[in-house]
Amino acid sequence: MEHEVAWHFPVIWYLYLAGLGAGAVVVAAFAFLGNMKQTSEHYHYSRMARYGAVLGPIPLIVGVSLLIFELGQPSRPLNLYKVINLSPMSIGSWFLLFFIITSIIYAITFMLPAFTGHERLRKTIGNLQHALSLLNIPLGLGVAIYTGVLLGAMPSRPLWNSPILALLFMISALSTGIAAIIITRVVCHRKAADALPDRRLRPHGRRMSSKRPGRRYHETGYLLATTDLILICLELIAIFLFIMFAHLTVGNLKYAIAVILPGGAMADTFWIGVILIGLVLPAIVELYAVFPRLIYNVPFVAHRSVEFLVALAVLIGGFMLRYVIVIAGQITGPMGI
Amino acid sequence: MNLATLSVKFREGLERALRSRRANDQTEQETRPGRRNLIAGAAAGVATIIGTLATSLLKPASAKTENGRKIQYGMVIDIRRCIGCHACTVACKSEFNVALGVNRSWVEYVEKGTYPNVGRSFLPRLCNHCSEPSCVYVCPTNATYKREQDGIVVVDQGLCIGCKYCIQACPYDARFMDPHTGWIEKCDFCIHRVSKGLDPACVNTCVGGARIFGDLGDPESLVSRLIAQNRVTVLRGEMGTFPNVYYIAADHTDEVDGRRPEARNVRVLTHRREAQRR
Numbered sequence: 001m002e003h004e005v006a007w008h009f010p011v012i013w014y015l016y017l018a019g020l021g022a023g024a025v026v027v028a029a030f031a032f033l034g035n036m037k038q039t040s041e042h043y044h045y046s047r048m049a050r051y052g053a054v055l056g057p058i059p060l061i062v063g064v065s066l067l068i069f070e071l072g073q074p075s076r077p078l079n080l081y082k083v084i085n086l087s088p089m090s091i092g093s094w095f096l097l098f099f100i101i102t103s104i105i106y107a108i109t110f111m112l113p114a115f116t117g118h119e120r121l122r123k124t125i126g127n128l129q130h131a132l133s134l135l136n137i138p139l140g141l142g143v144a145i146y147t148g149v150l151l152g153a154m155p156s157r158p159l160w161n162s163p164i165l166a167l168l169f170m171i172s173a174l175s176t177g178i179a180a181i182i183i184t185r186v187v188c189h190r191k192a193a194d195a196l197p198d199r200r201l202r203p204h205g206r207r208m209s210s211k212r213p214g215r216r217y218h219e220t221g222y223l224l225a226t227t228d229l230i231l232i233c234l235e236l237i238a239i240f241l242f243i244m245f246a247h248l249t250v251g252n253l254k255y256a257i258a259v260i261l262p263g264g265a266m267a268d269t270f271w272i273g274v275i276l277i278g279l280v281l282p283a284i285v286e287l288y289a290v291f292p293r294l295i296y297n298v299p300f301v302a303h304r305s306v307e308f309l310v311a312l313a314v315l316i317g318g319f320m321l322r323y324v325i326v327i328a329g330q331i332t333g334p335m336g337i
Numbered sequence: 338m339n340l341a342t343l344s345v346k347f348r349e350g351l352e353r354a355l356r357s358r359r360a361n362d363q364t365e366q367e368t369r370p371g372r373r374n375l376i377a378g379a380a381a382g383v384a385t386i387i388g389t390l391a392t393s394l395l396k397p398a399s400a401k402t403e404n405g406r407k408i409q410y411g412m413v414i415d416i417r418r419c420i421g422c423h424a425c426t427v428a429c430k431s432e433f434n435v436a437l438g439v440n441r442s443w444v445e446y447v448e449k450g451t452y453p454n455v456g457r458s459f460l461p462r463l464c465n466h467c468s469e470p471s472c473v474y475v476c477p478t479n480a481t482y483k484r485e486q487d488g489i490v491v492v493d494q495g496l497c498i499g500c501k502y503c504i505q506a507c508p509y510d511a512r513f514m515d516p517h518t519g520w521i522e523k524c525d526f527c528i529h530r531v532s533k534g535l536d537p538a539c540v541n542t543c544v545g546g547a548r549i550f551g552d553l554g555d556p557e558s559l560v561s562r563l564i565a566q567n568r569v570t571v572l573r574g575e576m577g578t579f580p581n582v583y584y585i586a587a588d589h590t591d592e593v594d595g596r597r598p599e600a601r602n603v604r605v606l607t608h609r610r611e612a613q614r615r
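Written as structure tokens, this is what we have:
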């Protein structure tokens, strides 16, 4: 391709990692708010919150560091904080600044030892976590959405200049955030009491209480898998609308979207990397896994490697989505001169 | 009362309010030290942020000369007089010592037709110094702005962070990153020459007199008269940028047109590192 591509891998990685980190923290905050009373039957919510909150800031910081290295001089980005204007990048960088701070504090509150002896201290930390959850949801969603608004702000890049792109990036951010939580959980969690394989599972419909302590691990997995499934479906709808309305219009956008439609330069990458690997295959596997629990209330069991591979596919798909959109937007421009 | 005076009044009021707020802070500081002080400080900080935001949003429209019209430098490029010699490209390169592989101004060739019915047209390109510059709207640090005194779009390299957002936003591909400094560069209508009453280097050197420079706000200037008396076009007017570089008899054929079955054989030579128009 002879086109000059001004934004390449550092920016693509940044858009992906910032979305992933923000998505993980937002999911964690929602999960935390879902179990404010700390009841044992909602134990898996707390687990999810913990993984997401601790994990979230890491990709965020890695992504921002990549961006700063891409700019060359580390002192340069400070100019961003001398002004606020209506540029999506300006608003986004302020969002990012506050979100990095709050998400790091949020992560630290989850890493503190459980002050079982200090009732007051524990309560203070709980209140802090509650407040930060409420704060991190809008900030995290702001960071996730701004990565799409950033691209969509310019008529000179017709492929990006679509209101649904920001929505698509937000859904993808939440979805990849959950996938990152699943992977961390699979890699780090299974041990001690929860590690017991579920030998009491019977294939012929004997229902077991999902509140039994040994089932907690799988119930968390069920919660994550269903949420991810819903988000994948929403993402498919958003992509469908994105492509369909671009194709149905005339002019620049129709001309630009041809690059990811069959026959276009990036069609293979898009349809295999994003749609098949990132969305359709994980959706089928997850549907297959959650279906018995969803319909017949049969205890949910997913094999560790299956969970891992599905989450990995979602993560790869999320990256490929950013890659295809960022590159395809830059190799197309307005038609005519 | 028009919007400009309104916004100036608003700004003055805001500044006055801020000043009194700061004075209040100081008196409070003397009387009540401690927590109250912190709150007042935070409030002043928030007020400053809101003030910055408000003033950046409500900029006075533009500076006007004493007879009430605005200076907007612009250019008319008469393609009928262009011989495609690239003298403007070379003059620009030497004027600014532009790095290899990038251009502030360049000349494209448009070739079309099937032998023996063929034609070649030239299209000199430069920054359009748009009235609605999309590069300015996306700049996160206000490093690129449209000068109020003459409408030239410039880059303040002290503020530029090199994020390339403006490169993405420009529909004319007039911006590039200087490979040596890492800052964004673009045509600035030779401010150093224009402010001394000279023509830009490309206009000065143009052998056929195809490039004509002047103040579009002055109805008596040569550019204004040429625009009034000729059929002029602009590039990519549908982008809504209201460019200030006008073309007489420009050929707007693009390679996209070559894909149509009835208009075969279109070739665009950009004479840049980017072999294709974006």
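Heads up: the sequence lines are chains Y and G, in that order. If you count by this note's numbering, then the first sequence holds residues 1 to 337, one letter each, in order. If you count by this note's numbering, then the second sequence holds residues 338 to 615, one letter each, in order. Positions of the beta carbon are idealized from the N, C-alpha and C atoms, including for glycine.
At a Cβ-Cβ threshold of 9 angstroms, G:Arg418 and G:Ala547 count as neighbours. Its Cα nearest to that of Y:Pro57, the residue Y:Ala24 stands out among Y:Ala24, Y:Ile257, Y:Asn297, Y:Phe30. Assigned with DSSP and collapsed to three states, G:Lys449 falls in strand. In terms of CA proximity to Y:Arg50, Y:His130 leads the group Y:Ser87, Y:Leu168, Y:His130, Y:Val259. Our two residues, Y:Ala179 and Y:Val274, have alpha carbons roughly 15 angstroms apart in a direct line. Straight-line measurement puts the Cα of Y:Asn85 at about 37 angstroms from the Cα of G:Ile585.
Counted as a single uninterrupted DSSP element, the alpha helix (DSSP H) harbouring Y:Pro59 occupies residues 57-71. Residue pairing of Y:Phe169 in beta bridges, as defined by DSSP: absent, with no partner found. When DSSP states are grouped into helix, strand and coil, G:Tyr509 belongs to the coil group. Among the CB atoms of chain G, one or more fall inside 9 angstroms of the CB of Y:Glu4. Of the candidates G:His589, G:Met412, G:Gly499, G:Tyr452, the residue whose Cα lies closest to the Cα of G:Ile549 is G:Met412. By the beta-carbon neighbour count (other beta carbons within 10 angstroms, threshold 16), Y:Asn136 is buried. Note that the stretch 473-488 of chain G does not touch the stretch 425-439 of chain G; fewer than 3 beta-carbon pairs, one per stretch, sit closer than 8 angstroms. In the structure shown, the three-state DSSP call for G:Ile549 is strand. Residue range 454-462 is occupied by the beta strand (DSSP E) that includes G:Phe459.
Listed in chain order, the alpha helix (DSSP H) elements of length 4 or more contained wholly in the stretch 516-601 of chain G are 528-531, 538-542, 559-566, 592-595. The residue among G:Gln494, G:Gly519, G:Asp552 with its C-alpha nearest the C-alpha of Y:Leu71 is G:Gly519. Within a 10 Å sphere around the beta-carbon of G:Arg406 sit fewer than 16 other beta-carbons, which makes this residue exposed. Taking 8 angstroms as the Cβ-Cβ cut-off, the stretch 75-90 of chain Y approaches chain G at Arg76, Pro77, Asn79, Leu80, Lys82, Val83, Ile84, Asn85, Leu86, Ser87, Pro88, Met89, Ser90, given in chain order. Collapsing the DSSP output to three states places G:Gly495 in coil.
In this structure, DSSP gives Y:Val310 a helical state, which the three-state scheme calls helix. For G:Gly411, there is no enclosing alpha helix (DSSP H); the enclosing beta strand (DSSP E) has its first and last residue at 410-415. Using a Cβ-Cβ cut-off of 9 angstroms, Y:Gln73 counts as an interface residue toward chain G, since at least one Cβ of chain G sits closer than that to its own. Taking a Cβ-Cβ cut-off of 8 angstroms, the neighbours of G:Arg614 in chain Y comprise Gly333, Ile337, given in sequence order.
Distance from the CA atom of G:His608 to the CA atom of G:Leu460, rounded to whole angstroms, is 11 angstroms. Per DSSP, Y:Leu261 lies in no alpha helix (DSSP H) segment and is marked neither H nor E.
Cβ neighbours of Y:Leu241 within its own chain (closer than 6 angstroms, five residues either side excluded): Ile164. Using beta-carbon distances, G:His466 does not count as an interface residue toward chain Y, since no partner is under 9 angstroms. When the Cα atoms are used, G:Leu572 and Y:Ile183 turn out to be separated by approximately 51 angstroms.
Annotation for G:Leu606: the continuous beta strand (DSSP E) segment containing it runs 603-606. Nearest in C-alpha terms to G:Ala436, of all of G:Phe513, G:Val475, G:Leu563, is G:Phe513. The way I'd put it, the stretch 217-232 of chain Y does touch the stretch 160-177 of chain Y; three or more beta-carbon pairs between them come closer than 8 angstroms. Against chain G, the CB of Y:Tyr323 has no partner CB under 9 angstroms away; the residue lies outside that interface.
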